[in-house]
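Sequence positions in the sequence shown follow the numbering used here and run 848 to 912.
C-beta: ideal position from N, C-alpha, C; glycine also.
Keep in mind the model is a prediction, meaning the values are calculated, not measured.
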Amino acid sequence: LPNSGNVTIRAYDTLGRKAADIFDGTLDAGEKQILWKPSELSGGIYLVKMTSPWGTKVLKTMYLK
Numbered sequence: 848l849p850n851s852g853n854v855t856i857r858a859y860d861t862l863g864r865k866a867a868d869i870f871d872g873t874l875d876a877g878e879k880q881i882l883w884k885p886s887e888l889s890g891g892i893y894l895v896k897m898t899s900p901w902g903t904k905v906l907k908t909m910y911l912k
């Protein structure tokens with residue numbers, strides 16, 4: 848992150864339904880790692896969306912149980 852700011856990270860299933868709120872809060876500038884342990888979800892493909900003041904990024908991920 849280039850500066851500190853509010854960041855929201857959510858996971859969605861392949862039908863576009865919100866599956867999990869991973870993070871919602873303020874992060875300081877710099878490189879960050881967020882650990883997500885989705886034990887309440889079934890295995891499958893999920894889209895993880897990060898929204899910040901500097902833009903939005905979506906990554907496709909596979910959760911294996």
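DSSP beta-bridge partners of residue i
{"i": "residue 875", "result": "Answer by DSSP bridge pairing: none, since residue 875 is not bridged."}
{"i": "residue 906", "result": "895"}
{"i": "residue 857", "result": "868 and 896"}
8 Å Cβ shell around residue i - same chain, five flanking residues per side excluded
{"i": "residue 911", "result": "890"}
{"i": "residue 869", "result": "856, 857, 858, 881, 883 and 895"}
{"i": "residue 872", "result": "853 and 854"}
Where residue i sits in the DSSP three-state scheme
{"i": "residue 852", "result": "strand"}
Same chain, Cβ closer than 6 Å to residue i, neighbours up to 5 away in sequence not counted
{"i": "residue 886", "result": "none"}
{"i": "residue 898", "result": "855"}
Close Cβ partners of residue i (< 7 Å) along its chain, the five nearest in sequence each way excluded
{"i": "residue 888", "result": "866, 867 and 910"}
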